Every structure is written in structure tokens, then in C-alpha cells.
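If you're matching positions, the sequence shown starts at 218 in our numbering and goes up one per residue.
Written below as C-alpha cells is the structure these notes are about.
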Amino acid sequence: MILEMRNINKDYPMGRSKVHVLKNVNLNVREGEYIAIMGPSGSGKTTLMNLIGCLDVPTSGSYVLSGQEIAACNDNQLAEIRNKKIGFVFQSFHLLPKMNALDNVALPLLFGNVRKSERRARAAEALKTVGLEERMTFFPDQLSGGQCQRVAIARAIVGKPTLLLADEPTGALDSSSGKQVMELFEQLHEKGSTILMITHDANIAKHAKTVYHIFDGVLSGGDSGSE
Ligand SMILES: Nc1ncnc2c1ncn2[C@@H]1O[C@H](COP(=O)(O)OP(=O)(O)O)[C@@H](O)[C@H]1O
Ligand SMILES: [Mg+2]
Numbered sequence: 218m219i220l221e222m223r224n225i226n227k228d229y230p231m232g233r234s235k236v237h238v239l240k241n242v243n244l245n246v247r248e249g250e251y252i253a254i255m256g257p258s259g260s261g262k263t264t265l266m267n268l269i270g271c272l273d274v275p276t277s278g279s280y281v282l283s284g285q286e287i288a289a290c291n292d293n294q295l296a297e298i299r300n301k302k303i304g305f306v307f308q309s310f311h312l313l314p315k316m317n318a319l320d321n322v323a324l325p326l327l328f329g330n331v332r333k334s335e336r337r338a339r340a341a342e343a344l345k346t347v348g349l350e351e352r353m354t355f356f357p358d359q360l361s362g363g364q365c366q367r368v369a370i371a372r373a374i375v376g377k378p379t380l381l382l383a384d385e386p387t388g389a390l391d392s393s394s395g396k397q398v399m400e401l402f403e404q405l406h407e408k409g410s411t412i413l414m415i416t417h418d419a420n421i422a423k424h425a426k427t428v429y430h431i432f433d434g435v436l437s438g439g440d441s442g443s444e
């Protein structure tokens with residue numbers, strides 16, 4: 218098991234009271250799974266993604282990521298776990314505009330203390346995986362939205378993360394670029410990547426092999442989707 222969440226609750230303080238956002242969430246992810254978590258706006262998707270991605274810690278409950286309890290980690294420990302174990306893909310790409318594709322992709326390895334020549338070789342390899350070997354020296358403003366998202370996916374996989382975590386990965390794309398991103402996820406899944414994506418879109422969620430639903434902070438489902 219790569220990821221085990223047990224009775225996870227998340228509250229946000231609101232003045233003197235609090236908002237109870239996630240309610241007794243349980244989730245298991247095994248190596249190689251391809252999961253979608255689907256839910257409407259305000260249901261708690263981003264809150265859950267922030268916990269899974271070690272950007273935040275739960276108010277109560279246990280979260281074990283590849284054998285390590287996350288709930289008790291401090292900010293420095295969380296940053297290191299994120300760098301080593303999680304590849305993030307965001308709706309709006311989050312590329313650095315003044316860096317070309319190769320340097321954007323190599324960036325996580327810089328924080329991981331990898332040598333420069335190896336950083337460049339691994340970034341080039343990741344760009345090849347996403348079909349952008351011809352665009353390595355292009356800057357984000359010279360690439361289409363779909364190409365930018367593929368650069369972001371290359372950056373997410375370059376460190377060989379335990380988990381690829383995507384928040385509305387096609388939300389900013391036209392339908393044909395969105396389709397390419399879904400094809401790429403399918404290829405990564407076939408090569409063994411563990412993928413968890415969060416979406417409000419049923420047409421995107423159906424690409425995953427297992428679909429969970431979140432509604433008002435309660436997670437349910439885990440029924441097999443297209444398999
Ligand atoms: N920092 C915060 N402080 C207070 N309430 C928050 C905060 N972040 C999110 N919420 C509330 O938690 C609920 C879930 O938000 P969110 O996880 O962003 O949902 P989604 O991503 O599914 O749209 C919403 O009601 C939202 O208002
Ligand atoms: Mg959200």
C-alpha cells in the first residue's frame with residue numbers, strides 16, 4: 218500500500234468557531250492504481266488534495282504515505298516528502314515563465330541535489346516521454362496550453378515520484394489537448410505510475426480505473442470505472 222488514510226478530519230478555524238470540511242475520510246491507494254476523486258465545487262477536493270500532497274496536515278486521523286506517518290510531520294519534513302514522493306500537476310500548469318521547458322522540468326531535481334549533467338539528461342528523458350523532445354528550449358509563452366501541461370507532467374514525473382497527483386489537469390485546456398493529457402496519463406499508468414486525479418468532470422473521471430466521489434466532505438465509492 219502506497220497511501221493509507223484512516224478517519225481523516227480537517228477543520229478550518231472560522232473566527233471563534235470552525236468549519237468541518239473533511240469528515241472521517243478513509244482511502245487506500247495501492248501501487249499502480251489509477252484513481253479519480255470526483256465531486257462538485259466546495260465538496261472538499263482541494264482540501265483533500267492538499268492533505269494527500271503533504272501541503273497540509275489533518276486535524277485528526279492517520280495518513281501513512283509509503284510507510285511514513287504524515288500527520289505528525291513539521292513543515293521541513295513535509296517539504297522533503299513532497300519533493301521526493303509527490304509529482305504535482307495543476308490546472309494552470311504553474312511553470313516558471315523565465316525558464317525554458319528543459320529547465321522547468323529539471324527544477325525538482327535541483328532541490329533534490331542531483332548533479333547538473335544528470336538533471337539535464339533526466340529532464341530531456343521526461344520531455345521525450347511526453348512527446349516534447351523537439352520543444353526543450355521553448356519558453357512557456359512559446360508553447361500551447363496543452364504543451365505547457367505536458368511540460369508540467371514531465372516535471373511531475375522527472376523525480377520518479379511514488380504518486381502522481383493531478384488537480385483538474387484538463388480544466389484549462391480545449392477538448393483535444395485534454396484528450397492528449399488523458400492519453401498520456403493512460404500511458405504512464407500502463408508503465409506502472411500510480412495516479413490520483415481530482416476533478417469535477419465525469420468525462421475526465423471515467424478515464425481512471427477507480428472512481429471515488431466526495432460530497433460535503435464525505436468520501437465514498439471506489440467502484441471500478443472503465444475496467
Ligand atoms: N482556508 C480555509 N478556511 C476556511 N474554509 C475553507 C478554507 N479552505 C476551504 N474552505 C471551505 O472548505 C470547503 C471545501 O473547499 P475546497 O476543498 O476548496 O473544495 P473544492 O476544491 O471541492 O471546491 C468549502 O466550503 C470552503 O469554503
Ligand atoms: Mg478546488
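Beta carbons are placed, not taken as given, at the ideal position from N, Cα and C, and that holds for glycine.
Remember, predicted model here, so these are calculated numbers, not experimental data.
According to DSSP, is residue i part of a helix, a strand, or is it coil?
i, result
"Ala-338", "helix"
"Phe-432", "strand"
"Val-398", "helix"
"Leu-312", "coil"
"Val-281", "strand"
"Glu-286", "strand"
"Thr-346", "helix"
Throw me the rounded Cβ distance for the residue i and residue j pair, which I believe falls under 8 Å.
i, j, result
"Ile-298", "Gln-308", "Actually they do not touch by this definition, with Cβ atoms about 23 Å apart."
"Thr-379", "Ile-219", "6 Å"
"Thr-264", "Lys-240", "Wrong, their Cβ atoms sit about 11 Å apart, outside the cutoff."
"Ile-412", "Leu-405", "7 Å"
"Gly-363", "Val-398", "7 Å"
If you follow the alpha helix (DSSP H) that residue i is part of, which residue opens it and which one closes it?
i, result
"Arg-372", "362 to 374"
"Val-236", "Not the alpha helix (DSSP H): Val-236 falls in the beta strand (DSSP E), residues 234 to 246."
"Leu-390", "Per DSSP, Leu-390 belongs to no alpha helix (DSSP H) and is neither H nor E."
"Thr-263", "262 to 269"
"Ala-323", "318 to 328"
"Ala-296", "292 to 302"
Could you check whether the Cβ of residue i sits closer than 7 Å to any heavy atom belonging to ligand 1?
i, result
"Ser-437", "no"
"Ser-260", "yes"
"Tyr-229", "yes"
"Gly-348", "no"
"Gly-256", "yes"
"Val-200", "Missing from the structure shown is residue 200; the chain here goes from 218 to 444 and no further."
"Val-375", "no"
Which stretch, first to last residue, makes up the beta strand (DSSP E) that contains residue i?
i, result
"Pro-230", "220 to 231"
"Leu-413", "412 to 416"
"Ala-422", "Element bounds for Ala-422: not the beta strand (DSSP E) but the alpha helix (DSSP H), 419 to 422."
Within 10 angstroms of its Cβ, does residue i collect 16 or more other Cβ (buried), or is it exposed?
i, result
"Leu-436", "buried"
"Thr-387", "buried"
"Asp-320", "buried"
"Lys-333", "exposed"
"His-424", "buried"
"Asp-418", "exposed"
"Gly-409", "exposed"
"Ser-443", "Reliability of the predicted coordinates at Ser-443 is poor, the pLDDT of 44 falling under 50, and the value obtained from them is presented with this limitation in mind. It is exposed - the Cβ of Ser-443 has fewer than 16 other Cβ atoms within 10 Å."
Taking 7 Å as the cut-off, is the C-beta of residue i nearer than that to any heavy atom in ligand 2?
i, result
"Thr-263", "yes"
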